Amino acid sequence: MAALATGKFPMAECVTAGLALVGGGVLVHVPLDHTVLTLYLLWVATLVYRTITGLSRFVAWRYHKPIRVQARVFRPDRLRLGVGFAWAPKHATALRQYRRETGELPLVDAFTPALHAVGASLSRPIHLPAAALGDHLAIQGMTGSGKSVALTSVAVQAVLANRGPVVAIEPKGDPYTLSQILSAAHATGRKLYLFSPLVPEMSAAINPLSTAQDPEEIIARLRPIFDRSRDPFFINTPMRAILLAARLQQRVGDRWRLETLYRDVMDPDARVQLMARYLSALAIPHASQITVESVRDAYRASGMDDELARDAIRWLGIREEYRMETMSNLDTAVVGLLGARWSHLFHGGMSWDDIDHENAVLLVLTHSMQLRDISHKIARLMLQDLMGYLARRQGTARAARVPLTVCIDEVAQVAYPDFLTHVALCRAAGARLVMAWQSMAGLRHTLGDDGVQELLDNIGTVLTMRAANIQNAKDIAEQFTTYQMRMVQGGASQSYQSGKQTTATRRVVHQEVALIDPNWLLKLPTGHGFLARAGTPYKIQVPMLPPADRTAIEFVGYGDLMTLFEEEETDDETPVG
Ligand SMILES: Nc1ncnc2c1ncn2[C@@H]1O[C@H](COP(=O)(O)OP(=O)(O)OP(=O)(O)O)[C@@H](O)[C@H]1O
Ligand SMILES: [Mg+2]
Numbered sequence: 074m075a076a077l078a079t080g081k082f083p084m085a086e087c088v089t090a091g092l093a094l095v096g097g098g099v100l101v102h103v104p105l106d107h108t109v110l111t112l113y114l115l116w117v118a119t120l121v122y123r124t125i126t127g128l129s130r131f132v133a134w135r136y137h138k139p140i141r142v143q144a145r146v147f148r149p150d151r152l153r154l155g156v157g158f159a160w161a162p163k164h165a166t167a168l169r170q171y172r173r174e175t176g177e178l179p180l181v182d183a184f185t186p187a188l189h190a191v192g193a194s195l196s197r198p199i200h201l202p203a204a205a206l207g208d209h210l211a212i213q214g215m216t217g218s219g220k221s222v223a224l225t226s227v228a229v230q231a232v233l234a235n236r237g238p239v240v241a242i243e244p245k246g247d248p249y250t251l252s253q254i255l256s257a258a259h260a261t262g263r264k265l266y267l268f269s270p271l272v273p274e275m276s277a278a279i280n281p282l283s284t285a286q287d288p289e290e291i292i293a294r295l296r297p298i299f300d301r302s303r304d305p306f307f308i309n310t311p312m313r314a315i316l317l318a319a320r321l322q323q324r325v326g327d328r329w330r331l332e333t334l335y336r337d338v339m340d341p342d343a344r345v346q347l348m349a350r351y352l353s354a355l356a357i358p359h360a361s362q363i364t365v366e367s368v369r370d371a372y373r374a375s376g377m378d379d380e381l382a383r384d385a386i387r388w389l390g391i392r393e394e395y396r397m398e399t400m401s402n403l404d405t406a407v408v409g410l411l412g413a414r415w416s417h418l419f420h421g422g423m424s425w426d427d428i429d430h431e432n433a434v435l436l437v438l439t440h441s442m443q444l445r446d447i448s449h450k451i452a453r454l455m456l457q458d459l460m461g462y463l464a465r466r467q468g469t470a471r472a473a474r475v476p477l478t479v480c481i482d483e484v485a486q487v488a489y490p491d492f493l494t495h496v497a498l499c500r501a502a503g504a505r506l507v508m509a510w511q512s513m514a515g516l517r518h519t520l521g522d523d524g525v526q527e528l529l530d531n532i533g534t535v536l537t538m539r540a541a542n543i544q545n546a547k548d549i550a551e552q553f554t555t556y557q558m559r560m561v562q563g564g565a566s567q568s569y570q571s572g573k574q575t576t577a578t579r580r581v582v583h584q585e586v587a588l589i590d591p592n593w594l595l596k597l598p599t600g601h602g603f604l605a606r607a608g609t610p611y612k613i614q615v616p617m618l619p620p621a622d623r624t625a626i627e628f629v630g631y632g633d634l635m636t637l638f639e640e641e642e643t644d645d646e647t648p649v650g
């Protein structure tokens, strides 16, 4: 019966029922009295019943297609997350008892086993007040559990609500997300920007360092694009050089851009030109023939004592071979950001101010399937730049009046060490975060154990979908409370003191158990989850939106783009162009 409990193919049941039927065929030729025949037929009927139930469970688990809920009934003042019911200790106890007695899951209908059967009759739409997004929403679950569909549902509602700008960072470029957001933006007539390195001709351009306030921030933003597995020396040395170049550029009035920072660090001519411009800014005359020696002599002759100039002169004097060796990591870091066919997208054009004040929708696609590591670097830089903008938005009248919704899929790939600090400032900036990630382990890699906890502490609503493995499920289940389960223990108990006395007793015991057992998280069908908000968990099923309006997408000129993404989805191994 183990197969029936887990949804595995019921091989044993099929074989026994088959043998019994064949045996029956032989037996009908043997004269038998009616009682034996009736008992035999009853036994065969039971076997056949068990086989059919086993097969239906197998089919239900293997090919489960959650019901599509037609949910385009939006109200701007609330957020519809799905249908479900508050998950109380009585549901957990009912589920435990059912599983203990039958070893199986309860059935929602004749053939669909599901956890939520214990409260399905109470199912009703689950709405959050739209303001609840102000304390952020996270969606966690294994691949294919329905995270992006849930995230899209929230993003689309934010677009349709038309209360403020919406930025969706979608590293995979999921066609469902893309089509739903495009058609929702079209339906509301909102200004739509798309950022996509794979279709640079259709993409908006933005300088990902546009909101950095000081040279130190440039360093903090670039550090997350470096290969962290290398010796810190090979990260810190280029960082020092970038810091110096960023300081010099700031003093001569240049805007920071990836390309010019790289050039002023790596190109000997550009370096010395930058220094000469700095001397001019200090009103130190220098020779028209600009060389390392001429700028150094000009500085010394001026008699001025300037710390930045001193550092820069020392920096110019470094041997070229040594520089190449210690800076190699910078080349690796900027691969795919500079020199690629989409690099001009980082030169600037669109600004966060535009997006905010035009009440626009921005879709950032970074194509992790095709661009892999490069995709994550782009997403990290874009997100940090947006956070830089949010830092400026803090405490403004606009922050209080106009909510800015930021949806980030695959957060574990996109997060960076300062992410937590930035999440903490979002509320004052009027920004609502909707984030999806696969596992805590992925997040821990970037944020550390305490960091993950801190992130969770900052999030008002967490939707947990199917977990990939028991460790992951345990991590998640720990976030829910425990309760005292009342259990009746029955049966015989023996008194060993008296030697042989045996008595039948039934005792009521209370046991501390989890409100959500980790094993249940492994069994959630696609689109199902547990939602936790203000200490109350809900068992919910997330609606899949009706197919997007393809004509609208064609109309706004993104028809070819959709075709491209749909093709990409069926061909994960498309080489990078
Ligand atoms: N609520 C739902 N109702 C019906 N089907 C769903 C639902 N959610 C997801 N699906 C189905 O499961 C597929 C995978 O869902 P989705 O892309 O949201 O998973 P994911 O958790 O984001 O996976 P990944 O981590 O690989 O991106 C969808 O393409 C859709 O067919
Ligand atoms: Mg996804």
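Be aware that the sequence shown starts at 74, since it is given in the numbering used here, and climbs by one per residue.
Glycine included, every Cβ here is placed at the ideal spot set by N, Cα and C.
Everything numeric in this text was worked out from a predicted model, so none of it was measured.
Would you check if the distance between the CB atom of residue i and the CB atom of residue j is smaller than 8 Å?
i	j	result
threonine 333	glutamine 322	yes
leucine 594	threonine 537	yes
isoleucine 532	leucine 210	yes
leucine 331	alanine 385	no
glutamine 552	valine 535	yes
threonine 439	alanine 485	no
threonine 216	glutamine 544	no
glycine 246	phenylalanine 638	yes
isoleucine 481	methionine 508	yes
serine 401	proline 244	no
aspartate 622	serine 129	no
isoleucine 391	tyrosine 372	no
serine 226	leucine 618	yes
arginine 263	valine 434	yes
Among the options, whose alpha-carbon lies nearest the alpha-carbon of residue i?
i	options	result
valine 156	Gly602, Glu627, Leu634 and Ala625	Gly602
tryptophan 329	Ile279, Val99 and Leu498	Ile279
leucine 456	Ala293, Asp342 and Ala193	Ala293
tryptophan 160	Leu195, Arg173 and Leu251	Leu195
proline 281	Ala452, Val191 and Leu528	Ala452
leucine 403	Pro297, Tyr266, Pro591 and Glu640	Pro297
arginine 148	Ala607, Pro610 and Val229	Val229
valine 222	Arg466, Pro476 and Gln253	Gln253
proline 83	Val121, Thr108 and Val103	Val121
tyrosine 395	Pro311, Val437 and Ala433	Pro311
aspartate 530	His417, Thr124, Thr494 and Ala343	Thr494
threonine 250	Pro238, Leu224, Gly262 and Ser302	Leu224
alanine 470	Ala501, Pro490 and Thr478	Ala501
alanine 497	Gln467, Thr166, Met339 and Gly214	Gln467
Quick check: what's the CA-CA separation for residue i versus residue j?
i	j	result
leucine 389	leucine 295	22 Å
arginine 710	leucine 352	The structure shown does not extend to residue 710, since the chain is modelled only from 74 through 650, so no value can be given for it.
serine 448	methionine 513	21 Å
glutamate 585	histidine 164	15 Å
isoleucine 363	valine 325	17 Å
isoleucine 242	aspartate 429	16 Å
threonine 111	valine 88	22 Å
threonine 636	isoleucine 315	41 Å
isoleucine 354	alanine 374	Sequence inspection shows alanine at residue 354; the isoleucine mentioned does not correspond to that position. Approximately 16 Å, taken between the alpha carbons.
arginine 236	alanine 464	20 Å
alanine 85	valine 117	14 Å
leucine 233	alanine 625	15 Å
Hey, could you find the ends of the beta strand (DSSP E) residue i is sitting in?
i	result
methionine 508	504 to 510
alanine 241	239 to 243
phenylalanine 18	Outside the modelled stretch of the chain, which goes from 74 to 650, sits residue 18, for which no answer is possible.
valine 88	Run containing valine 88: none in the beta strand (DSSP E); it sits in the alpha helix (DSSP H), 84 to 100.
valine 437	434 to 438
Could you tell me whether the Cβ of residue i comes closer than 8 Å to any Cβ of chain D?
i	result
isoleucine 613	The displayed structure is made up of one protein chain only, and chain D is not part of it.
How far does the alpha helix (DSSP H) with residue i in it extend, from its first residue to its last?
i	result
valine 29	The shown model of the chain, from 74 to 650, leaves out residue 29, and the question about it has no answer.
tyrosine 335	331 to 339
tyrosine 462	446 to 466
leucine 595	591 to 595
leucine 255	248 to 261
valine 222	220 to 234
Identify the residues that DSSP records as bridge partners of residue i: which are they?
i	result
alanine 193	The partner list for alanine 193 (beta bridge, DSSP) is empty, contrary to what the question assumes.
histidine 200	Arg153
tyrosine 631	Looking at the DSSP assignment, tyrosine 631 forms no beta bridge with any residue, so it has no partner.
lysine 612	Phe158 and Phe603
glutamine 213	Trp510 and Thr537
methionine 558	Gln584
cysteine 499	Partner(s): none; cysteine 499 has no beta bridge.
isoleucine 481	Ile242 and Met508
Practice task
Using the beta-carbon of each residue, find all residues closer than 5 Å to any heavy atom of ligand 4 and list them in chain order.
Solution key: This structure lacks ligand 4; the ligands present are ligand 1 and ligand 2.
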